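> The structure's right below; bear with me while I get my questions together.
There are 2 protein chains.
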Amino acid sequence: MPDGQESVAGLDPLLAGLTVAVLGGTGPQGRGLARRFAAGGVPVVIGSRNPERAGAVAAELRTSLGNGGNVSLRGADNADAAAGADVVVVTVPWDGHRELLEGLAEVLVGKVVVDCVNPLGFDKQGAYALQVEEGSAAQQAAALLPDSTVVGAFHNVSAVLLDDPDVDKVDTDVLVLGDVREATDLVQALADTIPGVRGIFGGRLRNAHQVEAFTANLISINRRHKAHSGLRVTDV
Amino acid sequence: MPDGQESVAGLDPLLAGLTVAVLGGTGPQGRGLARRFAAGGVPVVIGSRNPERAGAVAAELRTSLGNGGNVSLRGADNADAAAGADVVVVTVPWDGHRELLEGLAEVLVGKVVVDCVNPLGFDKQGAYALQVEEGSAAQQAAALLPDSTVVGAFHNVSAVLLDDPDVDKVDTDVLVLGDVREATDLVQALADTIPGVRGIFGGRLRNAHQVEAFTANLISINRRHKAHSGLRVTDV
């Protein structure tokens, strides 16, 4: 895995020594992110309600990534995964978001929590944004986790492209939203571990809703063009 | 104006014979769009509450564009501008949006109305999205104008770049939102008259809110990077 080795050699100092948990990591988005972070030299723990399933996905990804010396990837239940990580990425379906975070609030104290969840509904006309009482999934997480630092990111990245070992580069920027610069810088560095991806600060948490909801627009674009669309911010 | 002549020669057949009104066309966004549409060979009427002001801006733009034979650009009050146009672009400030459209509902019957308005608030922390009862400015327009075809577009394009005669190309996609394919195709063609810009279907009107609100994120990005940011959709 020359890619992996290169990435480790070039690992951003902000990420040195950090372990990342991906909760809901057996779903498409979580699995894709876990694959890319691990390939980039970041130690990853896949979390799932079912630890056996998490372990199986971790094993599949290790095999797919070549089991190289730089790949550190294991499975656990969500609580154990969160407890063993410094940065906790949340990729569960929206309808399990509140319950999961409520249950993990204590274990997440002091950690950076990266919320990737898009509250969307689907009907015959496609996807649409759901109303969220707190404003957005990221703001709901912040309300539920007052002693964690919540960042929103990875909302608009195609799970299909992330989890495809034949895709060398994912052609998209990742908008990183949050109110604590140290945490958004860290998550930008995490995004940058994915080949092709650029992490870019996208504003405060109060502006997370539209980034989450924008996924509905990308789904419309994907339908029209049979594509896996992403976003680039120009002039930066 | 070789640019203008080239554009006229290549004017999309969908736009042939159509006149575009830009209401609120003396503001930065409207003025920039009027400049670019006119330069692209589209006859433009700038609308304003104050017809003298509209006429003065039209004259300024004609001078700036070189008064070439292909530039058709005049000013009028908003109602006259709308009455004389096939496609009516709305670029007024959000706080005048409802009142303007209520007053023009009759004159807009049967026309394509392109809503570019971003309902945003501003405070010391920057820009943020305002709640809109109807869901978005575009949906408010659709509710107020049941006998017009409302399309949302041009939300995220930098007014500064549009109105700068030294900017040859504006590096952004324009997301075009609407429920009537004929109208969204027309507005995509209108967006394509701006050098560098690509009009792309961005979903139904119910997904307009996040595109309007996304302008707050671009403002955050502009602050951080001292840029005039835009968006490109990848893989399409």
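The listed protein sequences derive, respectively, from chains A and B.
Here the first sequence stands for residues 2 to 237, numbered as in the working numbering.
Here the second sequence stands for residues 2 to 237, numbered as in the working numbering.
Virtual Cβ for every residue (Gly too), placed ideally from N, Cα, C.
These numbers come from a predicted model, not from an experiment.
#1: Quick one: Cα of alanine 35 of chain A to Cα of valine 171 of chain B, how far?
#2: Distance check for alanine 39 of chain B and glycine 56 of chain B, CA to CA, integer angstroms please.
#3: What would DSSP say about alanine 128 of chain B, mapped onto helix, strand or coil?
#4: Is it right to say valine 161 of chain A is buried, meaning 16 or more other beta carbons lie within 10 angstroms of its own, or is it exposed?
#5: Determine the direct distance from the alpha carbon of valine 237 of chain B to that of histidine 226 of chain A, and round the result to whole angstroms.
#6: Closer than 7 Å, Cβ to Cβ, to anything on chain B: give me those residues from the region 165-184 of chain A, in chain order.
#7: How would you list, in chain order, the residues of chain A whose beta-carbon sits under 7 Å from the beta-carbon of arginine 207 of chain B?
#8: Can you tell which of B:Gly41, B:Ala17, B:Gly153 has its C-alpha closest to the C-alpha of asparagine 71 of chain B?
#9: Grouping DSSP H, G and I as helix and E and B as strand, with all else coil, what is arginine 54 of chain A?
#10: What's the call for arginine 37 of chain A, buried or exposed, on a 16-neighbour Cβ count within 10 Å?
#11: Return the chain-ordered list of same chain residues with a C-beta closer than 6 Å to the C-beta of glutamate 7 of chain B, the five sequence neighbours on each side being excluded.
#12: Please name the residue in A:Leu12, A:Arg233, A:Pro29, A:Gly179 whose C-alpha comes closest to that of aspartate 116 of chain A.
#13: Determine the direct distance from the alpha carbon of alanine 80 of chain B to that of proline 52 of chain B, and round the result to whole angstroms.
#14: Starting from arginine 225 of chain B, follow the alpha helix (DSSP H) in both directions and report where the run begins and ends.
#15: With 8 Å as the limit, tell me which residues of the region 141-156 of chain A have their beta carbon closer than that to any beta carbon of chain B; keep them in chain order.
#16: Using only alpha-carbon positions, find the residue among A:Arg54, A:Gly67, A:Ala17 that is nearest to proline 166 of chain A.
#17: Using a Cβ-Cβ cut-off of 9 Å, state whether alanine 214 of chain B counts as contacting chain A.
#18: Under the rule that 16 or more other beta-carbon atoms within 10 Å means buried, what is glycine 11 of chain B, buried or exposed?
#19: Does the Cβ-Cβ distance between histidine 229 of chain A and serine 159 of chain A come in under 9 Å?
#20: State the CB to CB distance for the pair leucine 176 of chain A and glycine 203 of chain A, rounded to an integer number of angstroms; the pair is presumed to be in contact (CB under 8 Å).
#21: With distances taken from CA atoms, which of B:Ile220, B:Gly48, B:Asp96 is nearest glycine 76 of chain B?
#22: Since leucine 232 of chain A meets chain B, which of its residues come closer than 8 Å, beta carbon to beta carbon?
#23: Should serine 73 of chain B and proline 44 of chain B be called a contact, given that it needs their Cβ atoms to be closer than 9 Å?
#24: At what residue ranges does the region 102-127 of chain B contain a whole run of the beta strand (DSSP E), taking only runs of 3 or more?
#25: Check whether the region 22-30 of chain B and the region 85-92 of chain B are in contact - that is, three or more C-beta pairs closer than 8 Å.
#26: Within 10 angstroms of its Cβ, does aspartate 96 of chain A collect 16 or more other Cβ (buried), or is it exposed?
#27: In three-state terms, what does DSSP make of proline 3 of chain A?
#28: Under 9 Å, Cβ to Cβ, is there at least one residue of chain A near leucine 219 of chain B?
#29: The alpha helix (DSSP H) spanning leucine 16 of chain A covers which residue range?
#30: Check whether the Cβ atoms of threonine 150 of chain A and valine 181 of chain A lie closer than 9 Å to each other.
#31: Shorter than 8 Å, the distance from the beta carbon of valine 108 of chain B to the closest heavy atom of the ligand FAD, or not?
#32: Can you list, in chain order, the residues of its chain whose CB lies under 7 Å from that of alanine 59 of chain B, leaving out five sequence neighbours each side?
#33: Suppose contacts are defined by Cβ-Cβ distances below 9 Å. Is phenylalanine 215 of chain B in contact with alanine 192 of chain B by that definition?
#34: Considering Cα atoms alone, identify which of B:Arg205, B:Gly200, B:Arg224 is closest to leucine 232 of chain B.
#35: Considering only the alpha carbon of each residue, which of B:Leu105, B:Asp186, B:Asn119 lies closest to proline 147 of chain B?
#36: If I'm right that arginine 207 of chain B touches glutamine 140 of chain B with Cβ under 8 Å, what's the distance once you round it to whole angstroms?
Working from what's here:
#1: Whole-angstrom Cα-Cα distance: 37 Å.
#2: Cα-Cα distance, rounded: 14 Å.
#3: Alanine 128 of chain B falls in the strand class under three-state DSSP.
#4: By the Cβ neighbour-count rule, valine 161 of chain A is exposed, with fewer than 16 other Cβ atoms within 10 Å of its own.
#5: Approximately 7 Å, taken between the alpha carbons.
#6: Identification of residues in the region 165-184 of chain A having a C-beta nearer than 7 Å to some C-beta of chain B yields Asp172, Thr173, Leu176, given in sequence order.
#7: Chain A residues near arginine 207 of chain B: Tyr129.
#8: The shortest C-alpha separation from asparagine 71 of chain B is found at B:Gly41.
#9: Secondary structure at arginine 54 of chain A: helix, using DSSP grouped into helix, strand and coil.
#10: Only buried fits arginine 37 of chain A, as 16 or more other CB atoms lie within 10 angstroms of its CB.
#11: Low confidence applies here, because glutamate 7 of chain B scores a pLDDT of 43, under 50, leaving its location unreliable; read the following figure in that light. Cβ within range, chain order: n/a, list empty.
#12: Across the set A:Leu12, A:Arg233, A:Pro29, A:Gly179, the C-alpha of A:Gly179 shows the shortest separation from the C-alpha of aspartate 116 of chain A.
#13: Approximately 10 Å, taken between the alpha carbons.
#14: Element bounds for arginine 225 of chain B: 210-226.
#15: Of all residues in the region 141-156 of chain A, none has a Cβ within less than 8 Å of some Cβ in chain B.
#16: Looking at the Cα atoms, A:Gly67 is the closest of the given residues.
#17: Chain A, which has a Cβ nearer than 9 Å to the Cβ of alanine 214 of chain B, makes this yes.
#18: Within a 10 Å sphere around the beta-carbon of glycine 11 of chain B sit fewer than 16 other beta-carbons, which makes this residue exposed.
#19: Closer than 9 Å, so yes.
#20: Yes, leucine 176 of chain A and glycine 203 of chain A are in contact; Cβ-Cβ is about 3 Å, under 8 Å.
#21: Per the C-alpha coordinates, the member of B:Ile220, B:Gly48, B:Asp96 positioned closest to glycine 76 of chain B is B:Gly48.
#22: The contacting residues are Leu232, Arg233, Val234, Thr235.
#23: In this structure, proline 44 of chain B lies closer than 9 Å to serine 73 of chain B by Cβ.
#24: Within the region 102-127 of chain B, the beta strand (DSSP E) runs of at least 3 residues that lie entirely inside it are, in chain order, 113-116, 121-124.
#25: These segments touch.
#26: Result: exposed.
#27: Caution is warranted here: a pLDDT of 41 is assigned to proline 3 of chain A, below 50, making its placement in the model unreliable, and the coordinate value is therefore given only provisionally. Per DSSP, reduced to three states, the secondary structure at proline 3 of chain A is helical.
#28: Any Cβ of chain A closer than 9 Å to the Cβ of leucine 219 of chain B would place that residue at the interface, and such an atom is present.
#29: Note, leucine 16 of chain A: premise wrong, no alpha helix (DSSP H); not H, not E.
#30: A contact, by the Cβ cut-off of 9 Å.
#31: No copy of the ligand FAD occurs in the structure displayed, which carries no ligand at all.
#32: If the five residues before and after alanine 59 of chain B are omitted, its C-beta is found closer than 7 Å to the C-beta atoms of Ile47, Leu74, Arg75, Gly76, all from its own chain and listed in chain order.
#33: The answer is no: Cβ separation not under 9 Å.
#34: Ranking the options by Cα distance to leucine 232 of chain B, first place goes to B:Gly200.
#35: When only C-alpha atoms are compared, the closest one is B:Leu105.
#36: Their Cβ separation, rounded to whole angstroms, is 7 Å, which keeps arginine 207 of chain B and glutamine 140 of chain B in contact under 8 Å.
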